[in-house]
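Okay, structure first, notes after.
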Amino acid sequence: DVWGEWRRLMREGKMGIGQGGAWEWAEFWPEAIRPPEEQRSDFLGWAPVPGSGDPGTPPIQTISGGWTVAMKKEAKNPDLAWEFLRILNSKEGLAKWLGANGKLSMRKDSVEVPEYAANEFLMEIGKLLPYSTYRDALAGYTTVSHYVQQAMEKVSVDGLSAAEATEWYKNKLIEEFGKDQVETIR
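When we follow full-length UniProt numbering, the leftmost residue of the sequence shown carries the number 1, and every step to the right adds one.
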């Protein structure tokens with residue numbers, strides 16, 4: 001569990017920065033030691049990833065996507081399953097569920113539901129959505145994502161230095177996509 005391991009290292013002060021997503025606010029701590037919502041910012045902060053700075057590009061970069069709730073084709077009672085999905089994805093239902101679990105909503109009107117709007121983190125992170133692109137729409141995304149996870153594991157589990165893991169990551173990208181497609185920025 002590379003994600004659990006880097007979260008543990010962060011909580012213990014052995015790592016000072018990590019890159020995650022909106023879900024970290026709720027998943028960073030095991031439930032037994034999770035501080036109340038109003039105290040979380042005392043322990044964990046966040047910042048958007050800056051954009052390239054190139055003319056005409058967004059000031060930040062962010063990607064979205066990764067989860068869904070669906071009905072199986074073989075559902076024994078498709079009408080009931082469909083009704084459940086309708087209720088779950090309603091303005092009130094989805095906002096309350098996501099707000100209670102600290103998860104970012106894909107619905108713009110969730111901010112109108114008091115239980116969702118009470119979560120300051122979700123309200124702030126939601127301001128980044130206009131800059132978001134859908135992650136799997138980018139060519140090579142799943143490969144790059146897999147290599148990022150492996151590089152993190154090499155540091156948190158295998159004991160490589162960040163510099164060694166970065167070099168490994170760069171070499172994997174070059175091997176996969178070609179030297180002309182990989183830019184090193186220092």
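For every residue, glycine included, the Cβ atom is placed at its ideal position computed from N, Cα and C.
Straight through space, the alpha carbons of Ala75 and Val69 are spaced by roughly 14 Å. Each of Thr143, Pro50, Arg8, Leu88 was checked against the Cα of Leu44, and the nearest Cα belongs to Arg8. Here the alpha carbons of Gln181 and Ala118 stand approximately 44 Å from one another. Just so you know, the alpha carbons of Met123 and Met106 end up roughly 12 Å apart.
Pairing Trp168 with Thr62, the inter-Cα distance amounts to about 24 Å. Spanning the alpha carbons of Leu80 and Ser132 requires a straight line of approximately 34 Å. It is roughly 36 Å from the alpha-carbon of Phe28 to the alpha-carbon of Lys179. Gln149: not part of any beta strand (DSSP E); member of the alpha helix (DSSP H) spanning 141 to 156, first to last residue.
The DSSP-derived three-state label of Thr57 is coil.
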